[in-house]
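In the working numbering, the protein residues as written are 1112 to 1318.
Rendered as structure tokens:
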């Protein structure tokens, strides 16, 4: 199966579905990761402005994503809504190149303007593809927990190790192992599993 993860910013894909990425790769699926901004304008003092480019390369490698399956764009953070057509064009090109069987993207209910733009344009671009929206808890005022992926300790550890590569984001209140592990545990409890990640089903296509 070809799987495409759409990350508005580097690290969103890891936070939203890093454990699931690790699981899918371990099962033999081919995962592509497209990030639309390295947030150069938001990098805190003490780090190079392009640090998130270096970090996403390391993080996705930890998850098992092939280097050639990492696609990076350079849109300015918090301006995606001004570049909707250009972003849609990029998404259509990805659809034609990858022909994914499944797409992961942010929720339409995500209140971050960049996340919301990728969600809406992603749904538009991948009309004939199964689409699951991942959970970014701190940006979701509401979220429909409709689909769960069981995760093992190994999958969760892979996610945690990948996120540790984002040293420039370590100051974020959600960028710590206790929070990541507790959320996975909470979602696991909901389905009788040790750990899980949850998704809203935007579209499910059975071929």
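Cβ atoms here follow ideal geometry from the backbone N, Cα and C, with glycine treated the same way.
- Per DSSP, residue 1125 lies in no beta strand (DSSP E) segment; the continuous alpha helix (DSSP H) that holds it begins and ends at 1123 to 1137.
- The Cβ-Cβ distance between residue 1214 and residue 1231 does not fall below 8 Å.
- Here residue 1259 really is in contact with residue 1307; their C-beta atoms are around 5 Å apart, less than 8 Å.
- Here residue 1146 is near residue 1167, since their CB atoms are less than 8 Å apart.
- Fewer than three beta-carbon pairs drawn from the region 1298 to 1307 and the region 1278 to 1289 are found closer than 8 Å, and the two stretches are therefore not classed as touching.
- Of the residues assessed, residue 1193 falls on the exposed side of the cut-off, its CB having fewer than 16 other CB atoms within 10 angstroms.
- Membership of residue 1308 in the beta strand (DSSP E) is indicated by the continuous run 1306 to 1314.
- In terms of CA proximity to residue 1190, 1223 leads the group 1223, 1255, 1282, 1317.
- Residue 1188 counts as buried, since at least 16 other C-beta atoms from the protein chains shown sit within 10 angstroms of its C-beta.
- If you check the CB distance, residue 1169 and residue 1276 come in under 8 Å.
- DSSP places residue 1261 within a strand segment (E or B) once states are collapsed to three.
- Taken atom to atom, the span from the alpha-carbon of residue 1196 to that of residue 1174 is near 31 Å.
- Bridge pairing for residue 1182: 1145 [DSSP].
- DSSP places residue 1215 outside any alpha helix (DSSP H); the residue lies instead in the beta strand (DSSP E), whose first and last residues are 1213 to 1217.
- Residue pairing from DSSP places residue 1242 in a beta bridge opposite 1214, 1314.
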